[in-house]
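Remarks on the structure that follows.
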Amino acid sequence: DQCEFRINLQVSTPDPARNCDRLKELLLGRHEFRRNEIDYRIVVENVQIEREGLGSYRGAQQLGLISENGYTIVIDIGGGTWLSRLIDAEGEVIDENVMDRGGSYELATAISFDRRLTNVLGTSADPGLIMDGFRNNHYYADTGQNWSEWLEEYLDPWYKGIFRTVKSQYTPFMPRVTRFLITGGSSHLIRDRLEGFKLFAVMPDPQFANVRGMLPGETQLSLAPDPELKVATHDDRF
């Protein structure tokens, strides 16, 4: 069996200025591969590249999570990296910061050295398996070992360090910020800690929010789950 078609791609990357040319070089043109006993011949005719995090911003607009006034700070927390974008009411990025480290892998690495885990395992812990455990009730593979009881000791300094960096980066703009939008594949780790703060919204299904937000508006709404946003009666920013 054979399958042939032509496509246009819309992709995002943390740093388009650095990665745009290389991505287009790799993606444009003809690609042939075999999958599920089917030979594919695909021609990529066009590649549009945008900043990662903007898809989440547009998705949040569709869900009514973005104020019509003031600035929004998008914080996209991934596995290896995290980034922030300062976006004005017209949707223009006016400042940004892309960190090459500091994502949840850094949190996993810190946990991997804790003796409460390594002493029981009898060996060093694998940060990759801890990353898996972040989505499996904080269990280390199939060993039955769990770090949820002392996760807070590492989680608090990790995510508060991210927010301190954001606050430092955008200090002159902070009085005009009306929303902190938290997204990315690792943002589920801090969702509970941000509930009750009215300036903060965590995207529902955050690991797919950026991709979903790159779709047309009506398609976004048909695919998106209901947002889980709780509003508080106080205004603590950090």
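Those letters in the sequence shown? Residues -9 to 228, by the working numbering.
Ideal placement from N, C-alpha and C gives every residue a C-beta, glycine not left out.
My output table needs one value for residue i: the three-state DSSP class, helix, strand or coil.
| i | result |
| --- | --- |
| D85 | strand |
| E96 | helix |
| Q159 | helix |
| E9 | In the sequence under discussion, the amino acid at residue 9 is Asn, which differs from the Glu named in the question. Helix. |
| Q197 | helix |
| R41 | strand |
| N109 | helix |
| S138 | helix |
| R48 | helix |
| S176 | coil |
| Y187 | The identity of residue 187 in the sequence shown is Phe, whereas the question assumes Tyr. Coil at F187, not helix or strand. |
| D66 | strand |
| L205 | coil |
| R75 | strand |
To the nearest angstrom, how far is the alpha carbon of residue i from that of residue j?
| i | j | result |
| --- | --- | --- |
| V192 | T173 | 6 angstroms |
| F170 | D66 | 10 angstroms |
| A199 | S176 | 12 angstroms |
| L189 | M164 | 11 angstroms |
| N9 | T3 | 7 angstroms |
| V34 | R12 | 15 angstroms |
| P162 | V156 | 11 angstroms |
| R91 | T71 | 4 angstroms |
| I180 | E(-6) | 43 angstroms |
| Y30 | V167 | 48 angstroms |
| G151 | G123 | 22 angstroms |
| V201 | I56 | 18 angstroms |
Suppose the cutoff is 7 angstroms on Cβ atoms and the five residues either side in sequence are ignored; what does the same chain contact list for residue i look like?
| i | result |
| --- | --- |
| A79 | E58, N59 and G60 |
| Q0 | Q38 and M204 |
| R48 | G203 |
| N(-2) | E35 and N36 |
| D5 | V88 |
Please confirm whether residue i and residue j have their CB atoms less than 7 angstroms apart.
| i | j | result |
| --- | --- | --- |
| Y160 | A100 | no |
| A115 | S94 | no |
| L73 | W148 | no |
| G43 | V64 | yes |
List the residues that DSSP assigns as beta-bridge partners of residue i.
| i | result |
| --- | --- |
| I120 | I120 pairs with nothing; no bridge assigned. |
| Q0 | Q38 |
| V22 | Per the sequence shown, the amino acid found at residue 22 is Glu instead of Val. Answer is R31. |
| E(-6) | R31 |
So, at 8 angstroms on beta carbons, what are the nonlocal neighbours of residue i in its own chain, with the 5 sequence-adjacent residues on each side left out?
| i | result |
| --- | --- |
| R125 | H178 |
| H128 | N136, W137, S138 and L141 |
| E27 | D(-9) |
Considering only residues of the same chain and omitting the five flanking positions on each side of residue i, which have a CB-CB separation below 6 angstroms?
| i | result |
| --- | --- |
| I84 | L76 and D78 |
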